[in-house]
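Line order of the protein sequences matches chains A and B. Using full-length UniProt numbering, the letters of the first sequence correspond one by one to residues 1 to 293. Using full-length UniProt numbering, the letters of the second sequence correspond one by one to residues 1 to 331. The beta-carbon is built from N, C-alpha and C at its ideal position, and this holds for glycine as well.
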Amino acid sequence: MSDLAVTIESADPRMRAVVTPEGVAVSVRLASVGERATALVLDLLILIVALIVVAIATAVAGGHVGRTAGILLMFVLRVFYFAGFELAWNGRTPGKRMASLRVINRRGGPLTPAAVIGRNLMREVELFLPLSLALAGDAAIAAGPWTWIATLTWVGVLAALPLFNRDRLRAGDMVAGTWVVAEPKPVLLPDLAAVRSAVYAAPAYVFTAQQLVVYGVKELQVLEDVLRSSGQGTTALQGDVARRIVRKIGYVHPDGGGAFNERAFLEAFYAAQRRRLEAELAFGRRRRDKNDR
Amino acid sequence: MALELKSAQFRREREGVWRELETLVARAERHGMGSLDGDSLARLPTLYRATLSGLSVARAISLDRNLLDYLEALCARAYLCVYGVRERPSALLAAFFAWRLPAAVRGAWRAIVLAFIVILAGVLAAWFLTASDPAYYDSFIAKGVQQGRSFDASTEALRASLGGGGKDVDELGAFAAYLFSHNAQIGILSFSLGFALGVPTLALIFTNGLMLGAFLALFASRGLLVELGGWLSIHGPTEFLALILSAAAGLKIAGAVLFAGREPRLVRLARDGRDAAVIMMGAVMLFLLAGLLEGLGRQLVVGMAARYLLGWSIFAAIVAYFCMAGRERRP
C-alpha cells in the first residue's frame, strides 16, 4: 500500500482513489466546479428547450388529452430529466457527456438507482428553489423583503455548497454518496525505453553508476514529459535540459562516441536512469526525488 | 534482448490485452453495454481483471508515467462499465415493490410518527383557534385559494361545494394531472428541505396541517363535518400519507446530519439518503394515486358512504402493504 500512497499523494489535489471490489485502488480526477457548471448549463438549456417544445406541442394538440399529457410531461421532465439520463447512461446526462463528466459511487460500489434519484431530487432545493426565488418578482419581495432575503441566503448557501468542501460535493452528492469525476481518456504512447536495436547494439552514450544516483523518480518523470513534449520550442527546451543534466552529473562525451546529439542523449539517459531506478524499485527502494537519499 | 527493461518487456507482453479492453470499453461508452455481443460481454470481466492486475504490477515495477496514467484511466473506465447500473429495469422495479420500498418505510417509522404528530398538531391548533375566532381563518388559508369557501359563504353554498360533477368530465384528466404534479412538487420540496436540518420540512407540513384544521373548523361550524369528511376521505388519507412519507424522508436526511452517531457524517448521510430516496419514490407514486382519486374519483363518486368506503379502504390497503410486504427478504 505504500506504493499506492505515493501514487496518490504525488498527484494533483483533485485526484481521489476509488477502491474497486477487487481491492485495487484506481485513481479518478474530481470534476472542477467550472466543468460541472458547464454541464449544468448545457443540461438546463436542453431542459428548457424540451419544456418549450412540450408547451408548444400541447398548445397545438389542444383538447383535454393534450392538456393532461402536457402537465404530466412537464412534471416528468422537471423531476426526472437528470435522474432518467443518469440511470440510462450510467451516471451521465447529455450535459455531462458533452463535458466528459460522470457520476460515480464514492465508496466504489455500483451506482444504485436510489442514489441517482436521491441526488437529483435534491435539485429541488439546490437549484429550482433558488432559481424561482431569485426570479420571484416584485410582489414576493414587497410582501416580505426580509423573509425573501433570509430564504434566498439560506438556499444560496445550499446551492454554493460545492465551493466549500474538498470533494466538491453538492447536497445531492452528500445524500446519495456519490461524486462527479472527469472521464479519464489518456492515450498509451510508445515506450520511450523500448528496445531500439541500433541504440542497444552500439550505445553511443554510456553512464557510470555514479552518474545515475543523482536524480530520483520525480526528475525521471519530468524528463519523460520533456521527451514527450512537442511543438514550438521543444528543441530549445530539450537542448537546455540536456546541457543541464550534462553539467549536473558530470557527463563526458567519449571521443569515439560520435557527434553529441541532445535528443539522443536525453533518450539514452532516460533509459539508463529508468533502468537504474526500476532495479532499485524491485528491491523495495523508491527514490522519490534528487533529495531523497 | 537481455538488455530490455523489465517494465518494457512487461508492457510488450500485456499490451494486446489492454488494447482489446480499450476497444470494448470505448464501444460500450459510446453505444451502451447493449452494443457488445455475447462474446465481448463474456471477455470484458476477464480483460478487466487482467488489466487491473497489470496496473498493480506496473505500480510495483514501472516508472513510465504515461503507462501508469493510461492503465489507471483504462481501469477506471472499465470499472465503470463492469460495475455500472446493470440490473434490468423490470428486475429493479420488482425488487423495489417487493421489499425495498416497504422495508425503507418501516425503517423510517420514527420520522413518520414525528411527521404525523406535527401535522396533527397543525390541524388541532388551527381547528381550535378558528373555532374560537373565525377571523383566524383567513390567516391559515390565503384568500386566493379559498374558492368562496369562507365564513362569509352560506351553509347551502358550502354544502354545494362538496358535491361532485361540477366539472366537465373531459377536463377531469387534466385536473387530476394538475393536482398530482402540484402536490408531488410540494412533497419533493419537503423532502429536499430535510437537508436544511429538517426545520423547513416541519414548517411546511405544519402549514399544511393548519390549512386542513381551519377547513375542518369552518365546515364543523355549519354542521357539515360528515359531508366534508366524505369529500376529503376519497383522496385525503392517501394524499396526507404521501405528504407524511415525503416529510419523513426529509427528516431522515436531517437526522443523519444531526445525529450521525459514531459513523462519519457523510457515510451516515449516504446510507440514510438512499433509503430516503426510496421512500420519496413511493411518496411520488402515492401522490399520483391521490391525484387520480381527487381528480377523477371525487367527481365521479358522489355518494357519501361510497366516498368513505373507497378512500379509507385504499388507505388501509396501502398501510397494510407497507407494514407486511417483503418482511422475509433481507436486503
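Check whether the Cβ atoms of A:L227 and A:L192 lie closer than 7 Å to each other. On the first sequence, position 227 is the one that residue 227 of chain A refers to. On the first sequence, position 192 is the one that residue 192 of chain A refers to. Contact flag set, yes.
Distance between B:A160 and B:R271 (C-alpha atoms, nearest Å): Your numbering for residue 271 of chain B matches position 271 in the second sequence. Your numbering for residue 160 of chain B matches position 160 in the second sequence. Spanning the two alpha carbons is a distance of roughly 50 Å.
Quick one: complete alpha helix (DSSP H) runs, 4+ long, within the segment 38-103 of chain B? 38-61, 65-82, 89-95
Would the segment 317-330 of chain B count as touching the segment 260-269 of chain B if we require 3 or more Cβ pairs under 8 Å? no
Could you work out which residue in B:V25, B:L55, B:G32, B:V226 is closest to residue 364 of chain B when comparing CA atoms only? Here chain B comprises residues numbered 1 to 331, so residue 364 of chain B is not present and cannot be evaluated.
Does the beta-carbon of A:F82 have 16 or more other beta-carbons within 10 angstroms, so that it is buried, or is it exposed? Residue numbering aside, residue 82 of chain A sits at position 82 when the first sequence is read from its first letter. Label assigned to A:F82: buried.
Quick one: using the 10 Å Cβ neighbour count with 16 as the cut-off for buried, is A:G250 buried or exposed? Residue numbering aside, residue 250 of chain A sits at position 250 when the first sequence is read from its first letter. So A:G250 counts as exposed.
Return no unless some Cβ of chain B is closer than 7 Å to the Cβ of A:Q232. By 1-based counting over the first sequence, the position of residue 232 of chain A is 232. With 7 Å as the cut-off, A:Q232 does not count as an interface residue toward chain B.
With DSSP as the reference, label B:W312 as helix, strand or coil. Walking along the second sequence from the start, residue 312 of chain B turns up at place 312. B:W312: helix per DSSP, three-state reduction.
Helix, strand or coil for A:S27? Go by DSSP, reduced to three states. Here residue 27 of chain A refers to the residue found at position 27 when the first sequence is read from its first residue. It is a strand residue.
Reducing DSSP to helix, strand and coil, say where B:K6 ends up. Counted from its first residue, the second sequence places residue 6 of chain B at position 6. The answer is helix: DSSP assigns B:K6 an H, G or I state.
Neighbour-count burial assignment, A:N105, 16 or more Cβ in a 10 Å radius: Within the first sequence, the letter at position 105 stands for residue 105 of chain A. A:N105 is buried by the Cβ-count criterion.
For B:F128, is the classification buried or exposed, using 16 other Cβ atoms within 10 angstroms of its Cβ as the cut-off for buried? In the second sequence, residue 128 of chain B corresponds to position 128, counting from 1. Classification of B:F128: exposed, given that the 10 Å Cβ count is below 16.
List, in chain order, every chain A residue whose beta-carbon is nearer than 9 Å to that of B:G273. Residue mapping note: residue 273 of chain B aligns to position 273 of the second sequence, counting from 1. The contacting residues are A114, A115, G118, R119, M122, G172, M174, V175, A176, G177.
B:A283 to B:A277, Cα distance in whole Å? For this step, residue 283 of chain B is matched to residue 283 along the second sequence. For this step, residue 277 of chain B is matched to residue 277 along the second sequence. Each residue's alpha carbon lies about 10 Å from the other.
Under 7 Å, Cβ to Cβ, is there at least one residue of chain A near B:I314? To locate residue 314 of chain B, count along the second sequence from 1; it is residue 314. No, B:I314 lies away from the interface with chain A (no Cβ there is under 7 Å from its Cβ).
Option in A:R286, A:T147, A:I48 with minimal Cα separation from B:S62: Along the second sequence, one-based indexing puts residue 62 of chain B at 62. With distances taken between Cα atoms, B:S62 lies closest to A:R286.
Output the residue ranges of the beta strand (DSSP E) runs that lie fully inside the segment 138-166 of chain B and measure 3 residues or longer, sorted by chain position. none
Would B:F322 and B:P102 qualify as a contact pair, given that the criterion is a beta-carbon distance under 7 Å? Taking the first residue of the second sequence as position 1, residue 322 of chain B is located at position 322. Taking the first residue of the second sequence as position 1, residue 102 of chain B is located at position 102. Going by C-beta atoms, B:F322 is nearer than 7 Å to B:P102.
Tell me the residue span of the beta strand (DSSP E) that contains A:V217. Along the first sequence, read from residue 1 onward, the residue named residue 217 of chain A stands at position 217. Careful: A:V217 lies outside any beta strand (DSSP E), inside the alpha helix (DSSP H) at 217-228.
Contact set for B:T155: own chain, Cβ-Cβ below 6 Å, skip 5 residues either direction: Here residue 155 of chain B corresponds to residue number 155 of the second sequence, with the count starting at 1. The answer, listed in chain order, is R222.
Looking at B:F47: is its Cβ nearer than 7 Å to the Cβ of B:C75? Counted from its first residue, the second sequence places residue 47 of chain B at position 47. Counted from its first residue, the second sequence places residue 75 of chain B at position 75. Reading off the sequence shown, one finds Leu at residue 47 of chain B, where the question assumed Phe. Taking 7 Å as the Cβ cut-off, B:L47 and B:C75 do not qualify as a contacting pair.
Using 8 Å for Cβ pairs, my map puts B:I188 next to B:M285. What's the rounded Cβ distance? Your numbering for residue 188 of chain B matches position 188 in the second sequence. Your numbering for residue 285 of chain B matches position 285 in the second sequence. Wrong, their Cβ atoms sit about 13 Å apart, outside the cutoff.
Using a Cβ-Cβ cutoff of 9 Å, what residues of the segment 277-304 of chain B are near chain A? List them in chain order. A277, V278, M280, M281, V284
How would you call A:V187, buried or exposed, if buried means at least 16 neighbouring beta carbons within 10 angstroms? Against the first sequence, residue 187 of chain A aligns to sequence position 187. Flag for A:V187 reads exposed.
Backbone secondary structure at A:T178 - three-state DSSP: Counted from its first residue, the first sequence places residue 178 of chain A at position 178. Reduced to three states, the DSSP call for A:T178 is strand.
Looking only at its own chain, which residues have a Cβ that is under 7 Å from the Cβ of B:K6, when we skip the five neighbours before and after it? By 1-based counting over the second sequence, the position of residue 6 of chain B is 6. Closer than 7 Å at Cβ, skipping near neighbours: I61.
What is the C-beta distance between A:E35 and A:L101, in whole angstroms, given that I count them as a contact (C-beta under 8 Å)? Taking the first residue of the first sequence as position 1, residue 35 of chain A is located at position 35. Taking the first residue of the first sequence as position 1, residue 101 of chain A is located at position 101. About 6 Å; that satisfies the 8 Å criterion.
Please compile the residues from chain A whose C-beta is within a distance smaller than 9 Å of the C-beta of B:R49. To locate residue 49 of chain B, count along the second sequence from 1; it is residue 49. The answer, in chain order, is E22.
I'd like to know whether the C-beta of B:L52 is nearer than 7 Å to at least one C-beta of chain A. Along the second sequence, one-based indexing puts residue 52 of chain B at 52. It does; some Cβ of chain A falls within 7 Å.
Report, in whole angstroms, the separation of the C-beta atoms of A:V180 and A:A31, which I expect to be a contact under 8 Å. Counting from one through the first sequence, the residue named residue 180 of chain A turns up at place 180. Counting from one through the first sequence, the residue named residue 31 of chain A turns up at place 31. Sure, about 4 Å apart at Cβ, within 8 Å.
Looking at the unbroken alpha helix (DSSP H) that takes in B:V199, where does it start and where does it end? To locate residue 199 of chain B, count along the second sequence from 1; it is residue 199. Here the alpha helix (DSSP H) through B:V199 covers 199-221.
Count the other CB atoms, across all protein chains shown, that sit within 10 Å of the CB of B:T51; report buried if there are 16 or more and exposed otherwise. Translated into the one-based positions of the second sequence, residue 51 of chain B becomes position 51. Result: buried.
Beta-carbon proximity of B:G291 to B:A121, cut-off 7 Å: Counting from 1 along the second sequence, the entry for residue 291 of chain B is found at position 291. Counting from 1 along the second sequence, the entry for residue 121 of chain B is found at position 121. Not a contact, by the Cβ cut-off of 7 Å.
Rounded to whole angstroms, what is the Cα-Cα separation between B:T238 and B:S139? The residue given as residue 238 of chain B occupies position 238 in the second sequence. The residue given as residue 139 of chain B occupies position 139 in the second sequence. Using only the alpha carbons, I get a separation of about 26 Å.
Where B:Y79 and A:L169 are concerned, what is the direct C-alpha to C-alpha distance, given to the nearest angstrom? Along the second sequence, read from residue 1 onward, the residue named residue 79 of chain B stands at position 79. Along the first sequence, read from residue 1 onward, the residue named residue 169 of chain A stands at position 169. If I take the Cα positions, the gap works out to 22 Å.
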